[in-house]
Amino acid sequence: MSILSWIEDQRKIKMLNYNKATKDDRLWTRCDKCGTILYIKHLKENQRVCFSCGYHLQMNSRERIQSLVDYGSWQPLNETLSPCDPLVFKDQKIYKERLKEAQERTGLQDAILTGTGLIDGIPVALGVMDFNFMGGSMGSVVGEKIVRLVEYATQEGLILILICASGGARMQEGIFSLMQMAKISSALKFYQSSANLLYISLLTSPTTGGVTASFAMLGDLIFAEPNALIGFAGRRVIEQTLQEKLPENFQTSEYLLDHGLLDLIIPRSFLKQALSETISFYKEAPFRKNGEILAGFSNSLNLLTEEKVRRLLKTEISLNSSKKISNLQEKMKAKLPLYDIKYYNKILFSQNT
Ligand SMILES: [Zn+2]
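Per my numbering: the sequence shown = residues 866 to 1218.
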């Protein structure tokens, strides 16, 4: 190891510890790319885009939902699903402790929020991953929440949007994390091929590992944010395996767009408008065929389902009482496939308990 790389490592370790020691109530932060010092309040107002270089900093799931979904229309699904520790995993820390710490720090149960909402008045099923929760890693709960969202969207004929930000499958849950890739892919296959509905996947920095290898790349339309890191294996691993020097912009969204892996790169400030235009265009498409789902009836986003969701939201929310909103959530939950999470965990983890 050269002295320079040692100094660089020490700097990184210092940075990591610095981030751990400070909480979310910091006033200032630093741009990851150009190093400009930014006032967090203004940065949030600018959707966490650097004022100096335009770099898109990490956005958490709540901010993302707030910036995309029409005010007051967000209805979360499966909020109470929370992870357990099937393998009794331990590395430098016990997995259960890691989970508890992440839950307390982020206020989330796991690394994704799913639900329904309106984008410029059009109902969508939306899933937003959160990189702040254990690197956005995909464990059994993330997988299950996505599958339930996809199934709900299939049933109700909703457009599906998944916003990815993940380091990949969660190693602490081993094979249970890996099986989520196949589980989500098969739910999506049904959604896309049988129900004939539109799935848009939005890749944000970073989208890597098992998430890239499954639902992130299965979108009918794949969008990405500018300069996002998107890949499967890390750059160093590939360089060492191939014994080749990779180009400077390798695994950035611009590079992937050039090589045909993405459909569009959208800056954050235009994202809502772009999504809204895309889904209105899709809705109006004259030769769109309705799909068939197994229950035997055809299903698709049509004016009827749209109006149904809109009225449900309108009648309940206009009264603006929390009791009514929780009633609505109960109604939404009642429509979901009849899983009971305890029962589900019992089947899934019966080998280990
Ligand atoms: Zn910057």
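Glycine included, C-beta positions come from ideal geometry on N, C-alpha and C.
### Message
I need the boundaries of the beta strand (DSSP E) containing alanine 967, first residue and last residue.
### Response
Alanine 967: not part of any beta strand (DSSP E); member of the alpha helix (DSSP H) spanning 960 to 971, first to last residue.
### Query
Is it the case that the Cβ atoms of isoleucine 1131 and leucine 1063 are separated by a distance below 9 angstroms?
Not in contact: isoleucine 1131 and leucine 1063 (Cβ atoms no closer than 9 angstroms).
### Query
By DSSP, does glutamate 838 sit in helix, in strand, or in coil?
Absent from the model: residue 838. The displayed extent of the chain is 866 to 1218, so no value can be given.
### Task
Give me the Cβ distance between phenylalanine 954 and glutamine 1037, rounded to the nearest whole Å; I'm assuming they're in contact under 8 angstroms.
Confirmed, about 4 angstroms.
### Query
Quick one: what does DSSP say glutamine 1057 is sitting in, helix, strand or coil?
When secondary structure is reduced to three states using DSSP, glutamine 1057 falls in the helix class.
### Message
Measuring straight from C-alpha to C-alpha, what distance separates glutamate 1016 and leucine 1023?
### Response
C-alpha separation (whole angstroms): 10 angstroms.
#### Entry: 8 angstroms contact criterion, which serine 1002 and glycine 1032 should meet: CB distance rounded
Confirmed, Cβ separation roughly 5 angstroms.
### Query
Got a list of residues with beta-carbon closer than 6 angstroms to any non-hydrogen atom of ligand 1, in chain order?
A residue is listed when its beta-carbon falls short of 6 angstroms from at least one non-hydrogen atom of ligand 1; in chain order these are Cys896, Lys898, Cys899, Thr901, Cys915, Ser917, Cys918, Tyr920.
### Query
By a C-beta neighbour count over all protein chains shown, 10 Å radius and 16 as the cutoff for buried, is glutamine 875 buried or exposed?
Glutamine 875 comes out exposed.
### Query
Nearest-angstrom Cα distance between isoleucine 902 and cysteine 896?
Going from the Cα of isoleucine 902 to the Cα of cysteine 896 covers about 6 angstroms.
### Query
Across which residues does DSSP place methionine 1003 in a beta bridge pair?
Its beta-bridge partners are Ala1034.
### Query
Who are serine 1066's beta bridge partners in DSSP?
Paired residue(s): Leu1027, Ile1087.
### Message
Does lysine 1102 pass the burial test, meaning 16 or more other C-beta atoms within 10 Å, or should it be called exposed?
### Response
It should be pointed out that residue 1102 corresponds to valine in this sequence rather than to lysine. By the 10 Å Cβ count, valine 1102 comes out exposed.
### Query
Does the distance from the C-beta atom of leucine 1068 to that of serine 932 stay below 9 angstroms?
No, the pair does not count as a contact, with Cβ atoms beyond the cut-off.
#### Entry: Length of the line joining the Cα atoms of aspartate 985 and tyrosine 1147
Their backbone Cα atoms lie some 14 angstroms apart in a straight line.
#### Entry: Own chain partners of arginine 1133 with C-beta closer than 7 angstroms, once the 5 adjacent residues on each side are dropped
Counting only residues of its own chain and dropping the five nearest sequence neighbours on each side, arginine 1133 has a CB closer than 7 angstroms to the CB of Gln912, Val914, His921, Glu1090.
### Message
Can you list, in chain order, the residues of its chain with a C-beta nearer than 8 angstroms to that of leucine 946? Leave out the 5 residues immediately preceding and following it.
### Response
Sequence-distant Cβ neighbours of leucine 946 in its own chain, meaning closer than 8 angstroms and more than five residues away, are Gln974, Asp975, Val1006, Glu1009, Lys1010, Ile1206.
### Task
Could you spell out the range, first to last residue, of the beta strand (DSSP E) harbouring threonine 894?
Threonine 894 -> beta strand (DSSP E) spans 893 to 895.
### Query
Quick one: what's got a C-beta closer than 6 angstroms to glutamine 1045's C-beta in the same chain, skipping five residues either side?
Within the same chain, glutamine 1045 has close Cβ partners Met1003, Gly1008.
### Task
Leaving out five residues on either side along the sequence, give the residues of the same chain with a beta carbon under 7 angstroms from the beta carbon of asparagine 1061.
Around asparagine 1061: Lys1154, Asn1155, Gly1156, Ser1165.
### Beta-ladder partner(s) of glycine 982, from DSSP
According to DSSP, which records beta bridges pairwise, glycine 982 is partnered with Val989.
### Length of the line joining the Cα atoms of alanine 1030 and arginine 927
Distance between the alpha carbons of alanine 1030 and arginine 927 is about 13 angstroms.
### Query
Pick from Val934, Asn943, Lys965: whose alpha carbon is nearest that of cysteine 949?
Checked all of Val934, Asn943, Lys965; the closest Cα to cysteine 949 is Lys965.
### Task
Could you name the residues that DSSP lists as bridge partners for isoleucine 1095?
The beta-bridge partner set that DSSP reports for isoleucine 1095 consists of Thr1072.
### Query
Over what stretch of residues does the beta strand (DSSP E) that includes leucine 908 continue unbroken?
No beta strand (DSSP E) holds leucine 908; the alpha helix (DSSP H) holding it covers 905 to 910.
### Query
Under a Cβ-count criterion, where at least 16 other Cβ atoms within 10 Å of its own Cβ denotes burial, should proline 1071 be classed as buried or exposed?
With 16 or more other Cβ atoms within 10 Å, it is buried.
### Task
Kindly indicate which three-state DSSP category threonine 1019 falls into: helix, strand or coil?
Note: threonine 1019 maps to helix in three-state DSSP.
### Element boundaries [alpha helix (DSSP H), containing tyrosine 1120]
According to the DSSP assignment, tyrosine 1120 belongs to the alpha helix (DSSP H) that extends over 1118 to 1123.
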